[in-house]
Amino acid sequence: LYGGKKMNKKFKTMWEIVEIPVYIMIFWSILSAALSAMKFIDIKIQSIIGWLIIIGAYGYIGYSSMSKKSDVVNAAKTGAFAGLIVGFVGAIIGIIVYYTMPEIFLQAIEDAIENGAPRELVETITHIMIYVGLIIQPIISAIIGAIISALGSLFNRK
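End of the sequence shown = 411 in the numbering used here, gap-free, step of one.
Structural data, given as structure tokens:
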């Protein structure tokens, strides 16, 4: 491996910073899926709670990165690292939910069909996009993680 022990130390330091926020965001992904299936909380409120968790978690990552004598760029990289993990796990959770709780997706599919979209096309696109999410979701989460972590790091500048 390039960098050897230095890379392992850098990874360990990064993981120490992101571990708890990553677990919190993954827990929220699972809880959110369950709440959606039970229709326990309105989707708008659920989205607001989700964004507050995301902003708090990535902000914490950025703030904590600066505590480790880092800079804004490294805080952004650490947030992107967390985003890749959370995005990939979230995509897998999405696939599991798609097959175990399809009722979550049924309303969106029915809405599209009511608006004139052919049923087979909507169902096919939904099925394909669930798997495309394995690529797109980690990238989007990494971008969001990098931006919010960079902003969070600015609160801990010395």
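From the three backbone atoms N, C-alpha and C, an ideal C-beta is built for every residue, glycine too. The structure displayed is predicted, hence computed values, not measured ones.
I believe G405 touches I302 by the beta-carbon criterion, under 8 Å. Please report the beta-carbon distance rounded to the nearest angstrom.
The C-beta distance from G405 to I302 rounds to 19 Å, too long to meet the 8 Å contact threshold.
Looking at the structure shown, is S285 part of a helix, part of a strand, or coil, going by DSSP?
Three-state result, S285: helix.
Please list the segments of the alpha helix (DSSP H) lying wholly inside the stretch 312 to 367, counting only runs of 4 or more residues, in order along the chain.
Runs of alpha helix (DSSP H) with 4 or more residues, each lying fully within the stretch 312 to 367, are found at 325 to 353 and 356 to 367, listed in chain order.
Boundaries of the alpha helix (DSSP H) in which R410 is found, first to last residue
Counting along the chain, R410 falls outside any alpha helix (DSSP H), and DSSP gives it neither H nor E.
What's the call for F264, buried or exposed, on a 16-neighbour Cβ count within 10 Å?
Residue environment analysis places F264 among the exposed positions, since fewer than 16 neighbouring C-beta atoms fall within 10 angstroms of its C-beta.
V271 classed as buried or exposed, judged by whether at least 16 other C-beta atoms fall within 10 angstroms
It is buried - the Cβ of V271 has at least 16 other Cβ atoms within 10 Å.
Ignore the nearest five residues each way along the sequence and tell me which others in R372's own chain have a CB closer than 7 Å to its CB.
I366.
Nonlocal neighbours in the same chain, by C-beta distance under 7 Å from A395, ignoring five residues either side:
Answer for A395: A333, G336, L337 and G340, listed in chain order.
What whole-angstrom Cβ distance do T331 and M267 have, given they're in contact under 8 Å?
Contact holds; Cβ gap of about 5 Å.
Hey, V325 and M319: beta-carbon distance below 9 Å or not?
A contact, by the Cβ cut-off of 9 Å.
Cβ-Cβ separation, I279 to V350 (assumed contact under 8 Å), whole Å
Contact between V350 and I279 does not hold, since their C-beta atoms are separated by about 14 Å, which reaches or exceeds 8 Å.
Cβ-based neighbour list, V275, same chain, cut-off 7 Å, excluding 5 preceding and 5 following
Within its own chain, the residues whose Cβ lies closer than 7 Å to the Cβ of V275, once the five positions on either side in sequence are excluded, are A335, I338 and V339, listed in chain order.
If you measure between the beta carbons of A361 and P391, is that distance less than 9 Å?
Taking 9 Å as the Cβ cut-off, A361 and P391 do not qualify as a contacting pair.
Would you call Y311 buried or exposed, if buried means 16 or more other Cβ atoms sit within 10 Å of its Cβ?
Residue burial is scored here from C-beta neighbours: Y311 has at least 16 other C-beta atoms within 10 angstroms and is therefore classed as buried.
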